[in-house]
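Asker: In our numbering, the protein residues as written are 562 to 710.
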Amino acid sequence: MQIILTQDVPNLGSAGELVSVKPGYGRNYLVPRGLAVSATAANVHKLEHDKRVIAKKVAKEKAKAEAIAEKISAMTLQFDRQVGEEDKLFGSVTSRDVAEMLKKNGVEIDHRWVVLDQPVKALGKYEVQVKLGSGVSATVKFFVVSKAK
562 MQIILTQDVP NLGSAGELVS VKPGYGRNYL VPRGLAVSAT AANVHKLEHD
612 KRVIAKKVAK EKAKAEAIAE KISAMTLQFD RQVGEEDKLF GSVTSRDVAE
662 MLKKNGVEID HRWVVLDQPV KALGKYEVQV KLGSGVSATV KFFVVSKAK
């Protein structure tokens with residue numbers, strides 16, 4: 562019996578797959594629990610249509626993420642911070658600060674996408690990864706400089 566899985570089923574397949582199972586398993590277990598639907602011509606056609614729609618959506622999202630990555634990679638940000646003795650910053654530069662600076666430069670992202678292991682607490686040049694989804698990431702360069710007194 563051919564069925565289309567509507568949810569991931571361990572040891573059988575993932576949602577959206579067309580699989581063959583024994584008729585009793587399909588009729589008595591998978592279909593009544595909403596884990597699968599019969600593979601009728603209409604359901605198979607709907608599945609193929611849904612896959613095409615999802616593929617187009619994913620391609621659009623990836624193209625958008627790549628365009629943003631290109632913009633981010635071309636940028637160099639500068640953070641002016643007050644410093645104390647031995648060029649230690651008062652405060653730090655965090656992923657939220659990087660996201661806000663990118664927003665000021667026309668690229669709005671969520672601060673959780675900025676991969677910064679620890680806040681920056683010293684002057685210097687830094688590079689940080691920005692994960693944009695769809696397997697796309699970009700590197701943004703930034704400088705932390707002393708604020709003029």
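Cβ coordinates follow ideal geometry from the N, Cα and C atoms, glycine included.
Could you check what DSSP says for residue 583 in three-state terms: helix, strand or coil?
Answerer: It is coil, neither helix nor strand.
Asker: For the region 563–647, which segments carrying the alpha helix (DSSP H) assignment without a break, of at least 4 residues, lie completely within its bounds, in sequence order?
Answerer: DSSP runs (the alpha helix (DSSP H)) wholly in the region 563–647: 602–635.
Asker: Which whole-angstrom value describes the C-beta separation of residue 705 and residue 684, a residue pair presumed to lie in contact below a C-beta threshold of 8 Å?
Answerer: At roughly 5 Å, the Cβ-Cβ gap stays under 8 Å, so residue 705 and residue 684 are in contact.
Asker: Quick one: residues in its chain with C-beta nearer than 6 Å to the C-beta of residue 656, no 5 flanking neighbours on either side, listed in chain order?
Answerer: Once the five neighbours on either side are set aside, the close Cβ partners of residue 656 are 672, 675 and 677.
Asker: Along the chain, where does the beta strand (DSSP E) that runs through residue 705 open and close?
Answerer: Looking at the DSSP string, the run of the beta strand (DSSP E) that includes residue 705 is 697–707.
Asker: With H, G and I counted as helix, E and B as strand and the rest as coil, what does DSSP make of residue 693?
Answerer: DSSP places residue 693 in strand when its eight states are reduced to three.
Asker: If you measure between the beta carbons of residue 701 and residue 663, is that distance less than 9 Å?
Answerer: In this structure, residue 663 lies closer than 9 Å to residue 701 by Cβ.
Asker: Could you tell me the alpha carbon to alpha carbon distance between residue 651 and residue 658, rounded to whole angstroms?
Answerer: Approximately 14 Å between the Cα atoms of the pair.
Asker: So, helix, strand or coil for residue 669, using DSSP?
Answerer: Coil, per DSSP.
Asker: Go ahead and pull the three-state DSSP assignment for residue 663.
Answerer: It is helical.
Asker: By Cβ distance, which residues of its chain are closer than 6 Å to residue 682, with the 5 residues on each side in sequence left out?
Answerer: Same-chain partners within the cutoff: 650 and 653.
Asker: Using DSSP bridges, identify the partner residues of residue 685.
Answerer: DSSP, once it has assigned bridges, lists 705 as partnering residue 685.
Asker: If we ignore side chains and look at the alpha-carbon of each, how far apart do residue 691 and residue 607 end up?
Answerer: Rounded to whole angstroms, residue 691 to residue 607 spans 36 Å at the Cα level.
Asker: Residue 598 and residue 567 look like a contact to me (Cβ under 8 Å); what is the Cβ gap, rounded to whole Å?
Answerer: So it is a contact: roughly 6 Å between Cβ atoms.
Asker: Short of 8 Å in beta carbon distance, which residues of its chain neighbour residue 666, apart from the five on each side in sequence? Order them along the chain.
Answerer: Excluding sequence neighbours, residue 666 sits near 636 and 638.
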